[in-house]
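**Q** Next up is a structure, given as structure tokens.
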């Protein structure tokens, strides 16, 4: 069997694939963050909590309403997105004139409160959520077992990322959004309701996190901390990609997933640190991030 | 170092959020025994003890009744961080807490062990698994209750090897507990003629995807994958092992440390057939059923597991020792309290009759359970069937093998 650095090639290929799957989650989450930061200038620290709420919403729909995975994939982002809209209206909209730091502190506080409430209500060891029957099972590649569901996650993430990117870069609505970022007053003078657009953008960013949560529910234990482990890594991804760069966060998300996957083979102890090492190097060499402007 | 949001604020908030002790007059303080329950109230190990462990402690205090002195129970969250845990322990002992109880997460458990010794106070650890607490790092101020990595390794590991699992691959949480559990299990695997095909140490607590490690384990062709982790990590590992069809090729999973709430969280559909070791199960015998029933108003719809109920058992025994030696005498020396606890035989509904060894090890039987299938389970929390019992005197590491300096050879 062919070997690369002492690891059989098929095994290494399998690990690349697994890295890609984790990268899909990074891409989806950092995409939402990038959208929110790019258009609202808010560092949304509550993103991890909103990801968790997405997973919990799926669980609640199933356990309390008997509503299955596919409907949850639609309903959960709507529910959590609506909560996001309410949060934006009540709190975040008050902060646009202030420094970034205030938004960061506010959303961080919100995240702690949300996670605390869920922990009190549901405990910390998590809730079971099963893989939908249509997506259970696995492909046997010989060198490894590839669960169908993980394949689905990659496809769903790619479609989602691509759609969001097209929406923002290639449509009229996206053009309004980008224009509002540059000069809100002028866009408003043209008759566009900018505050409403900003509110809905936040809601959409939150909904992206919630979709990530629903996709994650059958793989990870649905527990109140599931977002907090992920969020710091995702922030690193956004910083490496360039704050606010949509394409940057998508590409960086997938790439770093793969880098992390390889680290898990060659030096597992460092797999949680490697992304931050890369972040430090990128910040030194290109402070605006790999795809950032300015 | 892992960077989490909780970590970012731990340093700043950890000290300020410490619960203020109610001020007592000097006369009151002299006649009050203060028990500090220090555990994880918000993280991965919360459901294993956390608020439930506190309730079990309170139950013991209530059952002990009034023997002429007051008893006060206070609690705090150590967030699974040694620095936070040490700060709270130090402050508590300085402010007149007589005994610190629980302290899961071996890294924190070992750190608090040093504080108790330095301040000459009593310390009963019911939460950490590392067998070093009664081995290389044993202390005259410390008792280690109900379980440790050696006992888990001997019961679960020993049984797996006997059943033909002679090659192992470990997926290990990269901190004191994971290392100890892997080390102790390896000893049993090798002693039984088995071999270790490999191991990975993954960053704790920043890992939630175990698929990479599971695939590496599969590629090693080992017959048993030993999970040297706990709590949410174990749950995620087992869930993902099922997803990747790890067990379909005849590979066995050894969940070296699992508690009843973990099985509850996984659901029987995924957990069925797993073999695990605990030293308590609520439905084990008449006495365990009785104490679980008494705890019902406090724990509501949750059943106690070996960790939460160990607080009950340890508190009862500790209070017996205090009543025996007198409050005034107990306040002068933690070592004397622990010595008195060692001198009195233990007996309670949770763990039955037992004793505390010279090295601080509380002896109790260990039970090997298999998780029932959904069809076998007759109702809520009916999860285990008993496979095998290891008697108290054989369940733990022989005293002369631990390297504890308190043991006269």
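Protein chains in written order, with the UniProt record's numbering: chain A, 1 to 294; chain B, 1 to 409.
Backbone N, C-alpha and C define an ideal beta-carbon position, used for all residues, glycine too.
Strictly under 7 Å for the Cβ-Cβ distance: is residue 44 of chain A near chain B by that measure?
**A** For the purposes of this step, residue 44 of chain A is identified with residue 44 of the first chain, where counting begins at 1. Taking Cβ atoms only, chain B never reaches closer than 7 Å to residue 44 of chain A, which makes this a no.
**Q** Pair every Cβ in the segment 7 to 19 of chain A with every Cβ in the segment 212 to 225 of chain B, then say whether three or more of these pairs are closer than 8 Å.
**A** Touching, per the Cβ criterion.
**Q** As a quick exercise: from B:244, B:172 and B:269, pick the residue whose alpha carbon is nearest that of residue 233 of chain B.
**A** On the second chain, residue 233 of chain B is found 233 positions in, with the first residue counted as 1. Selected option, being the one with the closest Cα: B:172.
**Q** Report the rounded CA-to-CA distance for residue 199 of chain A versus residue 116 of chain A, giving the unit in angstroms.
**A** In the first chain, counting from the first residue as 1, residue 199 of chain A sits at position 199. In the first chain, counting from the first residue as 1, residue 116 of chain A sits at position 116. If you take the alpha carbons of residue 199 of chain A and residue 116 of chain A, they lie about 25 Å apart.
**Q** Would residue 143 of chain B and residue 124 of chain B qualify as a contact pair, given that the criterion is a beta-carbon distance under 7 Å?
**A** The residue you call residue 143 of chain B lines up with position 143 of the second chain. The residue you call residue 124 of chain B lines up with position 124 of the second chain. Against a cut-off of 7 Å, the Cβ pair of residue 124 of chain B and residue 143 of chain B comes out as a contact.
**Q** Just by C-beta distance, which residues in the segment 269 to 293 of chain A are closer than 9 Å to chain B?
**A** 269, 270, 271, 272, 273 and 276
**Q** Grab me the residues of residue 119 of chain B's own chain with a C-beta within less than 8 Å of its C-beta, minus the 5 sequence neighbours each way, in chain order.
**A** Along the second chain, one-based indexing puts residue 119 of chain B at 119. Non-local beta-carbon contacts of residue 119 of chain B in its own chain, meaning distances under 8 Å to residues more than five positions away in sequence, involve 90, 93, 94 and 334 in chain order.
**Q** Is DSSP giving residue 56 of chain A helix, strand or coil here?
**A** Sequence index remark: in the first chain, residue 56 of chain A carries index 56 (1-based). Three-state DSSP puts residue 56 of chain A in a helix.
**Q** Let's test the definition: count the other Cβ atoms within 10 Å of the Cβ of residue 190 of chain A and tell me whether it reaches 16, buried, or not, exposed.
**A** Here the question's residue 190 of chain A lines up with position 190 in the first chain. Exposed: under 16 other Cβ atoms inside 10 Å.
**Q** Could you tell me whether the Cβ of residue 113 of chain B comes closer than 7 Å to any Cβ of chain A?
**A** As a position in the second chain, residue 113 of chain B is number 113, starting the count at 1. Taking Cβ atoms only, chain A never reaches closer than 7 Å to residue 113 of chain B, which makes this a no.
**Q** Taking the alpha-carbon positions, what's the residue 154 of chain A to residue 271 of chain A distance?
**A** For the purposes of this step, residue 154 of chain A is taken as the residue at position 154 of the first chain. For the purposes of this step, residue 271 of chain A is taken as the residue at position 271 of the first chain. Just so you know, the alpha carbons of residue 154 of chain A and residue 271 of chain A end up roughly 21 Å apart.
**Q** Flag this pair as yes or no: are the beta carbons of residue 54 of chain B and residue 37 of chain B separated by less than 7 Å?
**A** Position 54 of the second chain holds residue 54 of chain B. Position 37 of the second chain holds residue 37 of chain B. Contact: yes.
**Q** So residue 481 of chain B and residue 291 of chain B are in contact, right, with Cβ under 8 Å, and what is the actual spacing, rounded?
**A** Because residue 481 of chain B is not part of the residues shown, which for chain B are 1 to 409, the question remains open.
**Q** Spell out the partners DSSP gives residue 99 of chain B in its beta bridges.
**A** The count along the second chain starts at 1 and reaches residue 99 of chain B at position 99. Paired residue(s): B:35 and B:122.
**Q** Determine whether the Cβ of residue 183 of chain B lies closer than 7 Å to any Cβ atom of chain A.
**A** Counting from 1 along the second chain, the entry for residue 183 of chain B is found at position 183. It does not: the Cβ of residue 183 of chain B has no partner Cβ on chain A nearer than 7 Å.
**Q** Could you have a look at residue 16 of chain B and say whether DSSP puts it in helix, strand or coil?
**A** Against the second chain, residue 16 of chain B aligns to sequence position 16. The predicted position of residue 16 of chain B is uncertain, since its pLDDT is 42 and thus under 50; a value taken from the coordinates is nonetheless stated next. Three-state DSSP puts residue 16 of chain B in a helix.
**Q** Which runs of the beta strand (DSSP E) at least 3 residues long sit entirely within the segment 175 to 236 of chain B? Give them in chain order.
**A** Entirely contained in the segment 175 to 236 of chain B, the beta strand (DSSP E) runs reaching 3 residues are, in chain order, 195 to 202 and 224 to 228.
**Q** 7 Å is my cut-off, CB to CB: does residue 125 of chain A come that close to chain B?
**A** For the purposes of this step, residue 125 of chain A is taken as the residue at position 125 of the first chain. Interface residue, yes.
**Q** Is the beta carbon of residue 169 of chain B sitting closer than 7 Å to the one on residue 222 of chain B?
**A** For the purposes of this step, residue 169 of chain B is taken as the residue at position 169 of the second chain. For the purposes of this step, residue 222 of chain B is taken as the residue at position 222 of the second chain. Yes, Cβ-Cβ distance for residue 169 of chain B and residue 222 of chain B is below 7 Å.
**Q** For residue 28 of chain A versus residue 157 of chain A, is the C-beta spacing smaller than 7 Å?
**A** Looking up residue 28 of chain A in the first chain gives position 28. Looking up residue 157 of chain A in the first chain gives position 157. Taking 7 Å as the Cβ cut-off, residue 28 of chain A and residue 157 of chain A qualify as a contacting pair.
**Q** Do residue 256 of chain B and residue 241 of chain B have their beta-carbon atoms positioned less than 7 Å apart in this structure?
**A** What you label residue 241 of chain B is simply residue 241 of the second chain in a count that begins at 1. What you label residue 256 of chain B is simply residue 256 of the second chain in a count that begins at 1. For residue 241 of chain B and residue 256 of chain B, no; Cβs fall outside 7 Å.
**Q** Report back the beta-carbon spacing between residue 38 of chain A and residue 244 of chain A to the nearest angstrom; my notes put them in contact at under 8 Å.
**A** Counted from its first residue, the first chain places residue 38 of chain A at position 38. Counted from its first residue, the first chain places residue 244 of chain A at position 244. With a Cβ gap of about 3 Å, residue 38 of chain A and residue 244 of chain A count as contacting.
**Q** Since residue 142 of chain B is in the beta strand (DSSP E), which residue starts that stretch and which ends it?
**A** As a working note, residue 142 of chain B is residue 142 in the second chain. Residue 142 of chain B -> beta strand (DSSP E) spans 142 to 144.
**Q** Could you tell me which whole beta strand (DSSP E) segments of length 3 or greater appear in the segment 54 to 112 of chain B?
**A** Taking only runs of at least 3 residues, the beta strand (DSSP E) segments lying wholly in the segment 54 to 112 of chain B are 70 to 77 and 99 to 102.
**Q** Tell me whether the beta-carbon of residue 263 of chain B lies closer than 7 Å to the beta-carbon of residue 367 of chain B.
**A** Counting from one through the second chain, the residue named residue 263 of chain B turns up at place 263. Counting from one through the second chain, the residue named residue 367 of chain B turns up at place 367. No; because the gap between Cβ atoms is not below 7 Å, this pair is not in contact.
**Q** Tell me where the beta strand (DSSP E) around residue 275 of chain B begins and ends.
**A** Here residue 275 of chain B refers to the residue found at position 275 of the second chain. Run containing residue 275 of chain B: 275 to 278, per the beta strand (DSSP E) assignment.
**Q** What residue from B:210, B:319, B:128 and B:314 has the CA that sits closest to residue 66 of chain B's CA?
**A** Translated into the one-based positions of the second chain, residue 66 of chain B becomes position 66. Checking every option, the nearest Cα to that of residue 66 of chain B belongs to B:319.
**Q** Identify which residue in A:54, A:204 and A:19 has its Cα closest to the Cα of residue 33 of chain A.
**A** Translated into positions along the first chain, residue 33 of chain A becomes position 33. Each of A:54, A:204 and A:19 was checked against the Cα of residue 33 of chain A, and the nearest Cα belongs to A:204.
**Q** Answer yes or no: does any C-beta atom of chain B fall closer than 7 Å to that of residue 129 of chain A?
**A** Along the first chain, read from residue 1 onward, the residue named residue 129 of chain A stands at position 129. Closer than 7 Å: no.
**Q** Helix, strand or coil for residue 366 of chain B per DSSP?
**A** Taking the second chain and counting its residues from 1, the one referred to as residue 366 of chain B is at position 366. Three-state DSSP puts residue 366 of chain B in a strand.
**Q** Does the beta-carbon of residue 113 of chain A have 16 or more other beta-carbons within 10 angstroms, so that it is buried, or is it exposed?
**A** Here residue 113 of chain A refers to the residue found at position 113 of the first chain. Residue 113 of chain A should be labelled exposed.
**Q** Residues of the segment 196 to 221 of chain B with a CB closer than 8 Å to any CB of chain A: list them in chain order, please.
**A** 200, 201, 202, 203, 205, 206, 207, 208, 209, 211, 212, 213, 215, 216, 218 and 219
**Q** Count the other CB atoms, across all protein chains shown, that sit within 10 Å of the CB of residue 285 of chain B; report buried if there are 16 or more and exposed otherwise.
**A** Taking the second chain and counting its residues from 1, the one referred to as residue 285 of chain B is at position 285. In this structure residue 285 of chain B is exposed. Its beta-carbon is surrounded by fewer than 16 other beta-carbon atoms within 10 angstroms.
**Q** Tell me whether the segment 185 to 205 of chain B and the segment 210 to 223 of chain A touch, counting them as touching only if at least three CB pairs, one residue from each stretch, are closer than 8 Å.
**A** As far as the Cβ criterion goes, the segment 185 to 205 of chain B does not touch the segment 210 to 223 of chain A, which means the pair count is below three.
**Q** For residue 74 of chain A, count neighbouring Cβ atoms within 10 angstroms of its own Cβ and tell me buried if that reaches 16, exposed if not.
**A** In the first chain, counting from the first residue as 1, residue 74 of chain A sits at position 74. So residue 74 of chain A counts as exposed.
**Q** Check whether the Cβ of residue 345 of chain B sits closer than 6 Å to any heavy atom of the ligand ADP, and report yes or no.
**A** In terms of ligand content, the structure shown is empty, and the ligand ADP therefore cannot be addressed.
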